[in-house]
Amino acid sequence: MEIRYNEKLKKLPPYLFIEIDRKKKEAIDRGADIISLGVGDPDIPTPEHIIKSMQEAVAKPFNHQYPFGTGLLSYRKAVVDWYKNRFNVDLNTDEVCSLIGSKEGIGHIHLGFINPGDIVLIPEPGYPVYNTGTIFTDGIPYFMPLLEKNGFLPDLSSIPQDVVKKVKLIFINYPNNPTAAVAPKEFYVKLIEFAKKNNIIVAADAAYSEIYYDENDKPSSFLEFPGAKEVGVEFHSLSKTYNMTGWRIGWVCGNKDIVAGIAKVKDNYDSGVFQAIQEAAITALSSSQKCVEDARKIYKERRDVLVEGLKKIGWEVSLPKASFYVWAKVPKGYTSSQVISKLLDDASIVCTPGNGMGKSGEGYVRFALTVGVPRIKEALERISKINW
Ligand SMILES: *Cc1c(COP(=O)(O)O)cnc(C)c1O
Numbered sequence: 157m158e159i160r161y162n163e164k165l166k167k168l169p170p171y172l173f174i175e176i177d178r179k180k181k182e183a184i185d186r187g188a189d190i191i192s193l194g195v196g197d198p199d200i201p202t203p204e205h206i207i208k209s210m211q212e213a214v215a216k217p218f219n220h221q222y223p224f225g226t227g228l229l230s231y232r233k234a235v236v237d238w239y240k241n242r243f244n245v246d247l248n249t250d251e252v253c254s255l256i257g258s259k260e261g262i263g264h265i266h267l268g269f270i271n272p273g274d275i276v277l278i279p280e281p282g283y284p285v286y287n288t289g290t291i292f293t294d295g296i297p298y299f300m301p302l303l304e305k306n307g308f309l310p311d312l313s314s315i316p317q318d319v320v321k322k323v324k325l326i327f328i329n330y331p332n333n334p335t336a337a338v339a340p341k342e343f344y345v346k347l348i349e350f351a352k353k354n355n356i357i358v359a360a361d362a363a364y365s366e367i368y369y370d371e372n373d374k375p376s377s378f379l380e381f382p383g384a385k386e387v388g389v390e391f392h393s394l395s396k397t398y399n400m401t402g403w404r405i406g407w408v409c410g411n412k413d414i415v416a417g418i419a420k421v422k423d424n425y426d427s428g429v430f431q432a433i434q435e436a437a438i439t440a441l442s443s444s445q446k447c448v449e450d451a452r453k454i455y456k457e458r459r460d461v462l463v464e465g466l467k468k469i470g471w472e473v474s475l476p477k478a479s480f481y482v483w484a485k486v487p488k489g490y491t492s493s494q495v496i497s498k499l500l501d502d503a504s505i506v507c508t509p510g511n512g513m514g515k516s517g518e519g520y521v522r523f524a525l526t527v528g529v530p531r532i533k534e535a536l537e538r539i540s541k542i543n544w
């Protein structure tokens, strides 16, 4: 029998990190000593107290049954308290829904709101999942370039009126992957006004809200701004904050009806998050946040070493205020792909080509700060020896 795939699967670009992983494996098979600055997956283990909490939770028979769809009330309460502490935003537990990692909700929100032909505004370069959900629901992606001259913010006023009329959903993501940009308060005010005026749902992806480098200039939540809860929701994840990428837990919160739409999709698709993981997540959110502070310190040291080192060898790169990415301009005369190949072939370094995350990323590469300082120094040493 000939197996024929859904046409929509064919429309998807190859999942970027799978491609990079494949190349990396090839290089490892050749015996290369690879330094991987590619995928944004923390190398630091999950903190002990969270693991311990999970070990205890896993032994409770109560947790062995199907979880309740939107998540344990105690989990949603922990989210509500965390939000109040961190952003001074008031939420109710019915404005929160647990997710199997925020990727799950980001990929499924479309099913709740997108009808064929609806336009979805998607930042590019950006996280590929915003577009995946759009294609799967026969929505039409409209890509908003994130350009350095605009502070890597989408220029909402440049979107043609006939496009705006058909827009149902807009994704934003600050602190941003891959540009590491942080959105100023004015941006959120303008965004909310734009969404209200045009009846557009805002989906704010805040996966990196806790990876920041200046205690006095923490990234905002979209929900801090007046009117936000009327138009949108925010996605959060424990993955990057607590080094829990493999655990698969996050949440969506904000507008009750939008949250209910996502919950309804999930009721019909999956049965929620393993409750033992929810219990561990409660521990993560409600105990001392020192482990997060420690992680920030680690990333900060790595960031400083990499950025200073790249500058010293002539790369054009600015110091990120948040996220664990460094978004660097490639050496003059090269494309992103050429630089990626050269880094891999001549220096056994894996990183992400800017254009792989959207065409406006051409001319950049993304380094993830997910290896220790000695390896970053080694990477810099190798890069400095490349014959450009
Ligand atoms: C890592 C990441 C996420 C999702 O992480 P989960 O592990 O699914 O919670 C979401 N958005 C962006 C931009 C990310 O980089």
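Note that the numbering used here gives residue 486 to position 330 of the sequence shown, counting from 1, and the numbers run on in steps of one.
Backbone N, C-alpha and C define an ideal beta-carbon position, used for all residues, glycine too.
Only a predicted model underlies this, so the values are computations on that prediction, with no experimental measurement involved.
DSSP-derived helix/strand/coil call for residue i
i	result
Phe269	helix
Cys253	strand
Asp502	helix
Ile454	helix
Glu349	helix
Ser192	strand
Tyr520	strand
Tyr368	strand
Pro310	coil
Thr491	coil
Val473	strand
Pro334	coil
Pro530	helix
Thr290	helix
Pro217	helix
Ala419	helix
Ala339	coil
First through last residue of the beta strand (DSSP E) which encompasses residue i
i	result
Gly388	Gly388 to Ser393
Ile146	Nothing can be reported for residue 146: it is not among the residues displayed for the chain, which extend from 157 to 544.
Pro198	Counting along the chain, Pro198 falls outside any beta strand (DSSP E), and DSSP gives it neither H nor E.
Cys409	Gly406 to Gly410
Val358	Ile357 to Asp361
Whole-angstrom C-beta distance between residue j and residue i, which should lie under 8 Å
i	j	result
Pro546	Tyr369	Outside the shown range of the chain (157 to 544) lies residue 546, about which nothing can therefore be said.
Ser427	Pro223	6 Å
Lys396	Tyr364	6 Å
Phe343	Pro279	With a Cβ gap of about 12 Å, Phe343 and Pro279 do not count as contacting.
Ala432	Asn219	5 Å
Lys385	Gly410	6 Å
Ala478	Val338	5 Å
Leu193	Phe523	4 Å
Leu267	Thr293	6 Å
Span of the alpha helix (DSSP H), counted from its first residue to its last, around residue i
i	result
Lys324	Looking at the DSSP string, Lys324 is not in any alpha helix (DSSP H); the run it does join, the beta strand (DSSP E), is Val323 to Asn329.
Lys485	No alpha helix (DSSP H) contains Lys485, which is instead part of the beta strand (DSSP E) from Tyr481 to Lys485.
Ala277	Note that residue 277 corresponds to Leu in the displayed sequence, not to Ala. Taken as a continuous stretch (DSSP letters only), Leu277 belongs to no alpha helix (DSSP H), being part of the beta strand (DSSP E) at Ile275 to Glu280.
Val319	Gln317 to Val320
Gln211	Glu204 to Val214
Trp238	Leu229 to Phe243
Ser442	Gln431 to Ser442
Glu163	Glu163 to Lys167
Item to check | Cβ contact check for the region 225-243 and the region 466-484: 3 or more pairs under 8 Å | outcome: no
Next on the checklist: Taking 8 Å as the cut-off, does the region 533-542 touch the region 199-213 (at least 3 CB pairs, one atom from each stretch)?
Outcome noted: no
Next on the checklist: Would the region 458-466 count as touching the region 496-508 if we require 3 or more Cβ pairs under 8 Å?
Outcome noted: no
Item to check | Three or more C-beta pairs below 8 Å linking the region 452-459 and the region 305-315 | outcome: no
Checklist entry - Pairing CB atoms from the region 413-426 with CB atoms from the region 329-344, are three or more of them under 8 Å? => result In this structure the region 413-426 does not lie against the region 329-344, because fewer than three pairs of beta carbons, one per stretch, are closer than 8 Å.
Next on the checklist: Pairs of beta-carbons, one from the region 223-236 and one from the region 431-438, closer than 8 Å: are there three or more?
Outcome noted: Flag = yes, the region 223-236 and the region 431-438 touch.
Item to check | the region 299-306 in contact with the region 511-519 per 3-pair CB rule at 8 Å | outcome: yes
Next on the checklist: Check whether the region 375-394 and the region 215-230 touch, using three or more Cβ-Cβ pairs below 8 Å as the test.
Outcome noted: no
Item to check | Cβ contact check for the region 391-410 and the region 253-272: 3 or more pairs under 8 Å | outcome: yes
Checklist entry - Should the region 190-200 be called in touch with the region 520-530, which here means at least 3 C-beta pairs below 8 Å? => result Touching, yes, given that three or more Cβ pairs across the two stretches are closer than 8 Å.
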